[in-house]
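Numbering follows our numbering, in which position 31 of the sequence shown is assigned residue number 507; successive positions increment by one, without gaps.
Beta carbons are placed, not taken as given, at the ideal position from N, Cα and C, and that holds for glycine.
Below is one structure; the comments refer to it alone.
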Amino acid sequence: MYGNQSHRVSLFNNAEVDNIFAGVDIRFNNNVVDNSQNPEFVSVRATEQFPLVDASYHNEFYTPTVVGQDQLENYSLTLPNMSLENGFNQYQGAGANTSELQLITADNAGPTYVLVNSNR
Numbered sequence: 477m478y479g480n481q482s483h484r485v486s487l488f489n490n491a492e493v494d495n496i497f498a499g500v501d502i503r504f505n506n507n508v509v510d511n512s513q514n515p516e517f518v519s520v521r522a523t524e525q526f527p528l529v530d531a532s533y534h535n536e537f538y539t540p541t542v543v544g545q546d547q548l549e550n551y552s553l554t555l556p557n558m559s560l561e562n563g564f565n566q567y568q569g570a571g572a573n574t575s576e577l578q579l580i581t582a583d584n585a586g587p588t589y590v591l592v593n594s595n596r
């Protein structure tokens, strides 16, 4: 599945965390991380402090900036051709098959009940 992944502020208190465990034997295949519309975002797959252990990468695409490039293999900074499919970015030869995805909103996945006294 492709995604717009960006660096986020830590979700835990670093003063209270003793260890962070990296992933082991993770296989990345055909992922697209496209931050080209937000060049201040970076694509983070691995870091020197917390490297993934025995990870493999095949047909990976990251743009515009990657952190920990020396930890990666078999990736490109050039995105494959893209088209729009059902409102999603469809990348040629990579990412999800977006022809089978659809947007879910509160209108089509929300509750069917109505709160009759919601103004009180």
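When the five nearest sequence neighbours on each side are left out, the beta carbons in the same chain lying within less than 7 Å of the beta carbon of N562 are those of T574, S575, L577, Q578, in order along the chain.
Non-local C-beta neighbours of M558 in its own chain, meaning closer than 6 Å and more than five positions away in sequence, comprise N565, Y567, ordered along the chain. Judged by DSSP in its simplified three-state form, Q566 adopts strand.
In this chain, the alpha helix (DSSP H) harbouring D583 covers 582-585. Cβ neighbours of N550 within its own chain (closer than 6 Å, five residues either side excluded): Y533, H534. Judged by DSSP secondary structure, D510 falls within the beta strand (DSSP E) whose first and last residues are 508-510.
For E536, the three-state secondary structure derived from DSSP is strand.
About 18 Å separates the Cβ atoms of G544 and E516, ruling out a contact at the 8 Å cut-off. Here E576 carries a helix assignment [DSSP, helix/strand/coil].
DSSP places F504 in the uninterrupted beta strand (DSSP E) bounded by 503-505.
Listed in chain order, the non-local C-beta contacts of P527 below 7 Å within the same chain comprise A498, Q547, local neighbours out to five positions each way being set aside. Taking C-beta atoms as the reference points, N506 and A570 count as a pair closer than 7 Å.
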